[in-house]
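Colleague:
Chains as they are written, first to last, in our numbering: chain A, 1 to 352; chain B, 1001 to 1416.
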């Protein structure tokens, strides 16, 4: 049975939404009646923006429950996609940590209840099975597993690398927590507060303005709003790189392998450390120090870009160009250099 | 190769008789499906067609007499809309295509031919990248079908069904196997759980069935250290999914007379292969026990097992055509229609009948006889219990009607 404290830990679940609805709070009096909620929502967003972390304030459960929808309301009013993603990623990380320490009953209740991790809830069963040295405690229907796991682009999340039987995929508790956390993130990104609620009273509008300023300042100082140079279709980058660059430009959360691949590829074609770091500035969890460390490390080690077979395995390969679909390149770098040569030749021919 | 007018008229009249005399069943949820047709006298395909009643559907088939007929795997709110956005995608059956053309079969070297469109040079087997005579790249492939390649395709269907039933928990009644009328089989899964899967999710299912991206460490095959010694542990017959399949496949490989060939192909050093060949029975016993014992052979370390595992995975994986499964707007051949390149019926088969199904007998519908002249070399083929050919260019032969339709539709013969 979920407690009120659980609603504070997982304020996006249906029960928490129901609880908030029952309070029948009027937005016009929100700032006067619940000043603590407004300041907590502000605090949450400030930490999300500056540190990429969604903290938990156990001392005031009611405030914690209410601050979540208010923070989301602020995000919708600001309408900044980068902030929305950064909030969703930070919240999902917090959820993942909580779920790992949760009892099996609670995990089941949260996962199965419609609206929490998916519209209809997950088909999840608790059943322990040992395979080799690994203990699997959960099994999840493959339809629910796939709905989240395909976002990971990571070989360990491929279904073939998990025990699958009779329609169910076996998972450890840690894996299940990670999947559920990702589902929480996706639900946040899907749901937007209807626009009619975004007529904000004066006092709240002031707070929202402050957050907006903070977003602008942070983007100016840290993200620097450098547009990523994305080649238009027919450019020299292979389609896989092009696709990742387009998503990076939109501020989508790239998977670990996608980030490494982009980094190795760009370093290999001679981009400078600073240029490569800039590619990651719009990531919802961007950390300049860490990114710089990775880029420098990759540069010193001289890693080459993943080859096409490996990228195919990770689901990163996008064979939209005939060189790729016909298997005429084995590594994206070959595509790049060949295209550079061909386009250079075309240019010099047209100049002649 | 284009067929002459007389040939087209005969084929069309035979197809017309078939559609007139048979009440072709409508596919499930037919009013939500998009239909597509290729006609005898027009290039390209008529798409975005929909039917609101069974009568309308049958009347269309009888009036237009399509050369090829297709229907969508997907259900739409408005199947008639001219673009995909307007159609309102609701869901789609999960479709698999197994095509003998994509399988490596020894018979291809015997019956497939190519012809250079520039200088007319012909050759047997798969087409070369460039013509052996004039170096042109414009080369047409004339692929053929025989018992051997269609049996290879059927074996792949059985492998696929095993994945669907055991791993995905799909029941037999939710699966329909359809002989495509030419080179292979389609497998349709009509199940609520798969209906709304996205392209990416369907690709992941393809990867699962084709064993793409397996890391054997994740199946439990690893080396561990204990008490200063290294041990190899791995999955056993009580494991699930690919872990169990891996063990079963290695046992099968080690029980087969071709073990030496398989091991040589893996690139394992000769002296290690010798150890494995001498101890083949020991390996079978060790891997058949629960828990399995992977550590029984001195000198056979984890890297050798990983090599063997890669080969075993390839043998167990089903070879399916990825783009067909991933494309959620795909048009697939209409069941019970006729295939314009063979005159064979696109035939649904129940899983229990699949073993017995004989495409050269059970998909044949025409009766009677006619004389034809061969305009190309025609390899041997079988219709029912009778084997025909090979026939040389210019040869005149009287054949049963189904054989006539097959050779006309394959464009190797003409009517006299």
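Each residue gets a CB set at the ideal place from its N, CA and C atoms; glycine is no exception.
Looking at the strands, I want to know which residues DSSP matches up with residue 1116/B.
Modeller: Answer by DSSP bridge pairing, in chain order: 1139/B.
Colleague: Any residues in the region 43-56 of chain A with a beta carbon nearer than 9 Å to a beta carbon of chain B? Which ones, in chain order?
Modeller: Those would be none; no residue qualifies.
Colleague: Got a sec: is the Cβ-Cβ distance from residue 1370/B to anything in chain A below 9 Å?
Modeller: It does not; no Cβ of chain A falls within 9 Å.
Colleague: Answer yes or no: does any C-beta atom of chain B fall closer than 9 Å to that of residue 3/A?
Modeller: No, its Cβ sits nowhere closer than 9 Å to a Cβ of chain B.
Colleague: Counting only Cβ pairs nearer than 9 Å, list the residues of chain A close to residue 1197/B.
Modeller: Under the 9 Å cutoff, chain A gives 143, 146, 147.
Colleague: Name the chain B residues that come within less than 7 Å of residue 159/A, Cβ to Cβ?
Modeller: Under the 7 Å cutoff, chain B gives 1204, 1208.
Colleague: Helix, strand or coil for residue 232/A? Go by DSSP, reduced to three states.
Modeller: Only weak support is given to the placement of residue 232/A: the predicted model assigns it a pLDDT of 47, under 50, and the value that follows is read from those uncertain coordinates. Correct three-state label for residue 232/A: coil.
Colleague: Closer than 9 Å, CB to CB, is residue 170/A near chain B or not?
Modeller: Residue 170/A counts as touching chain B.
Colleague: Starting from residue 1111/B and walking both ways along the alpha helix (DSSP H), at which residues does that stretch end?
Modeller: Per DSSP, residue 1111/B belongs to the alpha helix (DSSP H) from 1108-1111.
Colleague: Here's a check: name, in chain order, each residue in its chain whose Cβ is nearer than 6 Å to the Cβ of residue 1082/B, leaving out the five neighbours to either side.
Modeller: So the qualifying residues of the chain are 1048.
Colleague: So with CB distances below 8 Å, who are the chain A contacts of residue 1220/B?
Modeller: 131, 132, 133, 134, listed in chain order.
Colleague: Using DSSP with H/G/I as helix, E/B as strand and the rest coil, what is residue 1382/B?
Modeller: Strand.
Colleague: How many angstroms separate the CA atom of residue 86/A from the CA atom of residue 51/A?
Modeller: Distance between the alpha carbons of residue 86/A and residue 51/A is about 10 Å.
Colleague: Which residues does DSSP list as the beta-bridge partners of residue 1334/B?
Modeller: None; residue 1334/B has no bridge partner.
Colleague: Please classify residue 82/A: does DSSP put it in a helix, a strand, or coil?
Modeller: Three-state DSSP puts residue 82/A in a helix.
Colleague: Considering only residues of the same chain and omitting the five flanking positions on each side of residue 1140/B, which have a CB-CB separation below 7 Å?
Modeller: Only 1114, 1115, 1117 meet the Cβ criterion.
Colleague: If you pair each beta-carbon of the region 8-17 of chain A with each one of the region 54-70 of chain A, do three or more pairs fall below 8 Å?
Modeller: They touch, by the three-pair rule.
Colleague: Less than 9 Å between CB atoms is the rule here; does residue 1174/B satisfy it with respect to chain A?
Modeller: For residue 1174/B, the answer is no, since every Cβ of chain A falls outside 9 Å of its Cβ.
Colleague: Residue 1067/B to residue 1152/B, Cα distance in whole Å?
Modeller: Whole-angstrom Cα-Cα distance: 27 Å.
Colleague: Would you check if there are 3 or more beta carbon pairs closer than 8 Å linking the region 1162-1174 of chain B to the region 1327-1338 of chain B?
Modeller: These segments do not touch.
Colleague: Could you round the C-beta distance between residue 160/A and residue 1211/B to whole angstroms and report it? I think they count as a contact, below 8 Å.
Modeller: Contact holds; Cβ gap of about 6 Å.
Colleague: Leaving out five residues on either side along the sequence, give the residues of the same chain with a beta carbon under 7 Å from the beta carbon of residue 1312/B.
Modeller: Result list for residue 1312/B: 1246, 1249, 1250, 1253, in chain order.
Colleague: Quick check on DSSP: helix, strand or coil for residue 338/A?
Modeller: Looking at residue 338/A - three-state DSSP - the assignment turns out to be helix.
Colleague: Would you say residue 339/A and residue 257/A are within 9 Å of each other, going by their C-beta atoms?
Modeller: No, they are not a contact pair.
Colleague: For residue 47/A, collect the residues of the same chain with a Cβ closer than 6 Å to its Cβ; drop the 5 residues on either side in sequence, then sort them by chain order.
Modeller: Excluding positions up to five away in sequence, the list reads 53, 55.
Colleague: Evaluate contact between the region 90-106 of chain A and the region 178-185 of chain A, counting only Cβ atoms and requiring at least three cross-stretch pairs below 8 Å.
Modeller: As far as the Cβ criterion goes, the region 90-106 of chain A touches the region 178-185 of chain A, which means the pair count is three or higher.
Colleague: Give me whichever residues DSSP pairs with residue 1349/B in a beta bridge.
Modeller: Note: residue 1349/B sits in a beta bridge opposite 1177/B.
Colleague: Are residue 1372/B and residue 1331/B closer than 9 Å when you measure CB to CB?
Modeller: No.
Colleague: Between residue 1339/B and residue 1182/B, which are expected to be in contact by the criterion C-beta below 8 Å, what is the C-beta distance as a whole number of angstroms?
Modeller: Their Cβ separation, rounded to whole angstroms, is 5 Å, which keeps residue 1339/B and residue 1182/B in contact under 8 Å.
Colleague: Could you check the C-alpha separation between residue 1307/B and residue 1219/B for me, to the nearest Å?
Modeller: About 14 Å.
Colleague: Is the region 1102-1111 of chain B in contact with the region 1355-1375 of chain B, if contact means three or more CB pairs nearer than 8 Å?
Modeller: Not touching, per the Cβ criterion.
Colleague: Could you tell me the distance, in whole angstroms, from the CA atom of residue 232/A to the CA atom of residue 247/A?
Modeller: Its pLDDT being 47, under 50, residue 232/A is placed unreliably in this model, and the coordinates cannot settle the point.
Colleague: Could you give the first and the last residue of the continuous beta strand (DSSP E) run that contains residue 135/A?
Modeller: From DSSP, the beta strand (DSSP E) with residue 135/A extends over 134-141.
Colleague: Rounded to a whole number of angstroms, what is the C-alpha to C-alpha distance between residue 1362/B and residue 1347/B?
Modeller: Cα to Cα, residue 1362/B sits roughly 8 Å from residue 1347/B.
Colleague: Which full runs of the alpha helix (DSSP H) of 4+ residues lie inside the region 1214-1241 of chain B, going along the chain?
Modeller: As far as the region 1214-1241 of chain B is concerned, it has no whole alpha helix (DSSP H) run of at least 4 residues.
Colleague: If you pair each beta-carbon of the region 1015-1035 of chain B with each one of the region 326-342 of chain A, do three or more pairs fall below 8 Å?
Modeller: They do not touch, by the three-pair rule.
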